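Asker: My questions will all concern the structure given below.
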Amino acid sequence: MIRLLGVPDKNVSNTPTISTEEPLGQGQMAKFTLSPAVVANPEATRVLYQILEQLIRIMAGIPSVNPVLEALFHKAFLFPKIEQRTEAIRIIKKILSDRRRLNDIVCSCVRSRSLSLWRMLVVCIAECAQPQYEIAIEATRACGSMVGVFAVLVRTDVVLLFNQ
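My numbering puts the first residue of the sequence shown at 17, with every later residue one more than the last.
Right under this line is the structure:
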């Protein structure tokens with residue numbers, strides 16, 4: 017799955033050539049090449065992110081696989097060009113709209129004593145929320161979903177958290 021999301025491009029020199037014309041996402045600082053199967057076929061991209069969503073659901077509760085989950089998050093949410101993160105934002109919105117999925121992420125962060133999973137979600141949303149991108153509207157909706165779920169969790173005294 018990580019290979020489909022992207023592999024480092026070995027034909028690029030190590031000296032970064034950063035253009036000031038377009039903002040870059042964090043993952044774009046390192047040059048990489050997406051799998052042609054993913055780039056050329058939007059359905060393949062959608063399926064890949066749906067698989068990622070299920071892997072998050074399954075793996076978030078297992079502390080020993082947290083490094084794998086972090087690698088998946090990094091490749092899926094930070095490596096694609098900002099304009100190509102539509103499916104990533106949709107999955108993030110689904111995660112942040114569902115109390116159980118959000119609980120999975122929060123519990124995983126608490127168990128691993130690392131906020132890296134959470135940080136990658138927030139960074140992806142923040143990078144996509146720049147007004148020059150069409151995806152900014154979806155990123156803003158994802159923020160709204162997150163705030164809505166947090167409001168529900170606060171009202172219910174966070175009963176769901178850590179009751180696994």
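Cβ atoms here follow ideal geometry from the backbone N, Cα and C, with glycine treated the same way.
A quick note: this is a predicted structure, and the numbers were derived from the prediction, not measured.
Could you give the distance in angstroms between the alpha-carbon of C87 and the alpha-carbon of Q148?
Answerer: What you label residue 87 is simply residue 71 of the sequence shown in a count that begins at 1. What you label residue 148 is simply residue 132 of the sequence shown in a count that begins at 1. According to the sequence as given, residue 87 is Ala; it is not Cys. So the two alpha carbons sit approximately 28 angstroms from each other.
Asker: Quick test of the definition: if touching needs 3 or more C-beta pairs under 8 angstroms, does the stretch 117-129 touch the stretch 145-159?
Answerer: no
Asker: Tell me which residue opens and which closes the alpha helix (DSSP H) that I105 is part of.
Answerer: Residue mapping note: residue 105 aligns to position 89 of the sequence shown, counting from 1. Segment 102-113, the alpha helix (DSSP H) holding I105.
Asker: Have a look at I108 and R171 and give me their C-alpha separation to the nearest angstrom.
Answerer: The residue labelled residue 108 in the question sits at position 92 within the sequence shown. The residue labelled residue 171 in the question sits at position 155 within the sequence shown. Computed Cα separation, rounded: 22 angstroms.
Asker: Taking a contact to mean a Cβ-Cβ separation below 8 angstroms, would you say A158 touches L118 in this structure?
Answerer: Here residue 158 corresponds to residue number 142 of the sequence shown, with the count starting at 1. Here residue 118 corresponds to residue number 102 of the sequence shown, with the count starting at 1. 8 angstroms or more divides the Cβ of A158 from the Cβ of L118.
Asker: Between S161, L94, S130, V63, which has its C-alpha nearest A76's C-alpha?
Answerer: Against the sequence shown, residue 76 aligns to sequence position 60. Checking every option, the nearest Cα to that of A76 belongs to S130.
Asker: What distance in whole Å lies between the Cβ atoms of E59 and I105, which are believed to be in contact at a cut-off of 8 angstroms?
Answerer: To locate residue 105, count along the sequence shown from 1; it is residue 89. To locate residue 59, count along the sequence shown from 1; it is residue 43. That belief does not hold up - the Cβ atoms of I105 and E59 are roughly 17 angstroms apart, past 8 angstroms.
Asker: To test your reading of the DSSP string, which unbroken alpha helix (DSSP H) runs of 4 or more residues are found completely within the stretch 55-100?
Answerer: 58-75, 82-89
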